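Under the working numbering, the first residue of the sequence shown is numbered 29, with each subsequent residue one higher.
Heads up, the beta-carbon is just placed ideally off N, CA and C, and yes, glycines get one too.
Quantities reported herein were computed from a predicted structural model and do not represent experimental measurements.
Working notes, structure below.
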Amino acid sequence: MQTLPRHFFVTGTDTGVGKTTVSVRLMQAFAAQGLKVIGMKPVASGCEWLDGQWQNEDVRQLIAASNVVAPPEWINPYCFEPPIAPHIAAAEAGVDIQLEVIEAAYRQLATMADVVVVEGAGGLLVPLNSTQTIADLIQALALPALLVVGMRLGCINHALLTAEVLAQRNIEGCGWVANSIDPQMSRPDENLQTLIACLQQPPVLTLPYQAARTP
Numbered sequence: 029m030q031t032l033p034r035h036f037f038v039t040g041t042d043t044g045v046g047k048t049t050v051s052v053r054l055m056q057a058f059a060a061q062g063l064k065v066i067g068m069k070p071v072a073s074g075c076e077w078l079d080g081q082w083q084n085e086d087v088r089q090l091i092a093a094s095n096v097v098a099p100p101e102w103i104n105p106y107c108f109e110p111p112i113a114p115h116i117a118a119a120e121a122g123v124d125i126q127l128e129v130i131e132a133a134y135r136q137l138a139t140m141a142d143v144v145v146v147e148g149a150g151g152l153l154v155p156l157n158s159t160q161t162i163a164d165l166i167q168a169l170a171l172p173a174l175l176v177v178g179m180r181l182g183c184i185n186h187a188l189l190t191a192e193v194l195a196q197r198n199i200e201g202c203g204w205v206a207n208s209i210d211p212q213m214s215r216p217d218e219n220l221q222t223l224i225a226c227l228q229q230p231p232v233l234t235l236p237y238q239a240a241r242t243p
């Protein structure tokens with residue numbers, strides 16, 4: 029696995045492509061090197077009320093992989109019950125997702141750990157409010173982006189579209205991950221080689237299909 033920056037943002041070609049799986053895997057690798065590691069998911073939907081607070085399964089996975097304890101409101105500033113697009117969930121809850129709130133939480137986490145892995149919601153252009161998207165959040169945090177490509181039919185188009193937006197936004201990339209999410213995918217090796225050629229770099233990490241794991 030090639031060297032990654034100490035702080036980076038994990039985005040994906042879509043929802044359900046394995047951003048949490050990849051984030052946890054990388055956090056565990058950093059922790060094994062003796063580094064202090066914290067995972068952050070600024071916005072989560074599909075939350076449930078547990079132990080007197082809203083909790084999200086992805087966030088629980090990130091907390092479990094962290095070896096530094098931080099306030100939950102810093103790790104996950106915005107948590108909504110329905111498993112729907114964040115801006116719709118926020119509107120239904122009467123909440124305005126503010127990048128300044130997320131940025132302040134991230135800055136606090138960055139003072140506590142050697143590594144902060146920030147996981148996005150859905151893909152790069154998922155709206156957070158009426159004017160801002162995940163891409164705007166990455167720019168506000170001034171973090172390089174690691175792209176998780178869900179290896180399935182259509183992934184080449186999704187990956188190249190996402191890479192094009194990253195370039196248009198002048199968002200620094202720090203690599204990509206090939207994550208197998210469809211065991212029935214036809215010609216996976218050919219698709220992988222096409223992605224390597226089009227993205228002009230091999231993946232930082234290649235993960236095989238696993239029947240049950242965090243999305």
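(request) Kindly indicate which three-state DSSP category Pro-231 falls into: helix, strand or coil? (result) One-based indexing of the sequence shown puts residue 231 at position 203. Three-state DSSP puts Pro-231 in coil, outside helix and strand.
(message) For the region 167 to 180 against the region 40 to 51, do three or more pairs of beta-carbon atoms, one drawn from each stretch, fall closer than 8 Å, so that the two count as touching?
(response) Flag = yes, the region 167 to 180 and the region 40 to 51 touch.
(message) Going by C-alpha to C-alpha distance, which of Asp-124, Trp-82, Gln-56 and Gln-61 sits closest to Ala-92?
(response) Counted from its first residue, the sequence shown places residue 92 at position 64. Nearest C-alpha to Ala-92: Gln-56.
(request) Just list the beta strand (DSSP E) runs in the region 124 to 204, keeping only unbroken ones of 3 residues or longer that don't cross its boundaries, in chain order. (result) 143 to 151 and 173 to 179
(request) Could you tell me whether the Cβ of Phe-108 comes closer than 9 Å to any Cβ of chain C? (result) The chain inventory of the structure shown lacks chain C, comprising one protein chain alone.
(message) Tell me whether the region 65 to 72 and the region 102 to 115 touch, counting them as touching only if at least three CB pairs, one residue from each stretch, are closer than 8 Å.
(response) yes
(message) Just to confirm my understanding: we take Gly-74, look at its own chain, exclude 5 residues before and 5 after, and list those with CB closer than 6 Å. What are they?
(response) Within the sequence shown, numbered from 1, the residue matching residue 74 stands at position 46. Counting only Cβ-Cβ distances below 6 Å, and skipping sequence neighbours, we find Pro-111.
(request) Assign Ala-118 to buried or exposed, taking buried as 16 or more other Cβ atoms, counted over all protein chains shown, within 10 Å of its Cβ. (result) Along the sequence shown, read from residue 1 onward, the residue named residue 118 stands at position 90. Looking at its Cβ environment, which holds 16 or more other Cβ atoms inside 10 Å, Ala-118 is buried.
(request) Just mark Glu-147 as buried or exposed, buried being the case when its beta carbon has 16 or more other beta carbons within 10 Å. (result) Numbered from its first residue, the sequence shown carries residue 147 at position 119. Glu-147 is buried by the Cβ-count criterion.
(message) So, under 8 Å CB-CB, Leu-223 and Ile-184 are touching, yes? Tell me the CB distance rounded to an integer number of Å.
(response) Here residue 223 is taken as the residue at index 195 of the sequence shown, counted from 1. Here residue 184 is taken as the residue at index 156 of the sequence shown, counted from 1. Correct: roughly 6 Å between the Cβ atoms.
(message) Let me make sure I understand the geometry here. Which of Ala-98, Gln-89, Cys-226 and Thr-139 has the alpha-carbon closest to that of Thr-190?
(response) Start at 1 with the first residue of the sequence shown, and residue 190 comes out as number 162. Nearest of Ala-98, Gln-89, Cys-226 and Thr-139 to Thr-190, Cα basis: Cys-226.
(request) Thinking Val-232 and Leu-32 are a contact (beta carbons under 8 Å), I'd like their distance in whole angstroms, please. (result) Here the question's residue 232 lines up with position 204 in the sequence shown. Here the question's residue 32 lines up with position 4 in the sequence shown. Confirmed, Cβ separation roughly 7 Å.
(message) Whole angstroms are fine: how far does the CA of Asp-142 sit from the CA of Tyr-134?
(response) Counting from one through the sequence shown, the residue named residue 134 turns up at place 106. Counting from one through the sequence shown, the residue named residue 142 turns up at place 114. Rounded to whole angstroms, Tyr-134 to Asp-142 spans 13 Å at the Cα level.
(request) Report yes if the CB atom of Val-193 is closer than 9 Å to the CB atom of Leu-153, and no otherwise. (result) For the purposes of this step, residue 193 is identified with residue 165 of the sequence shown, where counting begins at 1. For the purposes of this step, residue 153 is identified with residue 125 of the sequence shown, where counting begins at 1. Contact: yes.
(request) To the nearest angstrom, report how far apart Thr-49 and Ala-121 are at their CA atoms. (result) One-based indexing of the sequence shown puts residue 49 at position 21. One-based indexing of the sequence shown puts residue 121 at position 93. Between Thr-49 and Ala-121, the C-alpha separation is close to 28 Å.
(message) Taking a contact to mean a Cβ-Cβ separation below 9 Å, would you say Leu-127 touches Leu-156 in this structure?
(response) Counting from 1 along the sequence shown, the entry for residue 127 is found at position 99. Counting from 1 along the sequence shown, the entry for residue 156 is found at position 128. Yes. Within cutoff.
(request) Tell me whether Ile-116 is buried or exposed, calling it buried when 16 or more other Cβ atoms sit within 10 Å of its Cβ. (result) Counting from one through the sequence shown, the residue named residue 116 turns up at place 88. Label assigned to Ile-116: exposed.
(request) Starting from Met-55, follow the beta strand (DSSP E) in both directions and report where the run begins and ends. (result) Residue numbering aside, residue 55 sits at position 27 when the sequence shown is read from its first letter. No beta strand (DSSP E) holds Met-55; the alpha helix (DSSP H) holding it covers 47 to 60.
(request) Going by DSSP, name the residue or residues bridged to Trp-102. (result) The residue given as residue 102 occupies position 74 in the sequence shown. As DSSP reads the structure, Trp-102 sits in no beta bridge.
(message) Suppose you measure from the CA of Gln-81 to the CA of Asn-198; what does that come to, to the nearest Å?
(response) Walking along the sequence shown from the start, residue 81 turns up at place 53. Walking along the sequence shown from the start, residue 198 turns up at place 170. Each residue's Cα considered, the two are about 37 Å apart.
(message) For Pro-243 and Ser-94, I'd like the C-alpha separation in whole angstroms.
(response) Position 215 of the sequence shown, counting from 1, holds the residue named residue 243. Position 66 of the sequence shown, counting from 1, holds the residue named residue 94. Any reading at Pro-243 must be qualified, since the residue scores a pLDDT of 45, below 50, and its modelled position is unreliable; no value is offered.
(request) Could you spell out where the beta strand (DSSP E) holding Val-65 opens and where it closes? (result) One-based indexing of the sequence shown puts residue 65 at position 37. Counting along the chain, the beta strand (DSSP E) containing Val-65 begins and ends at 65 to 68.
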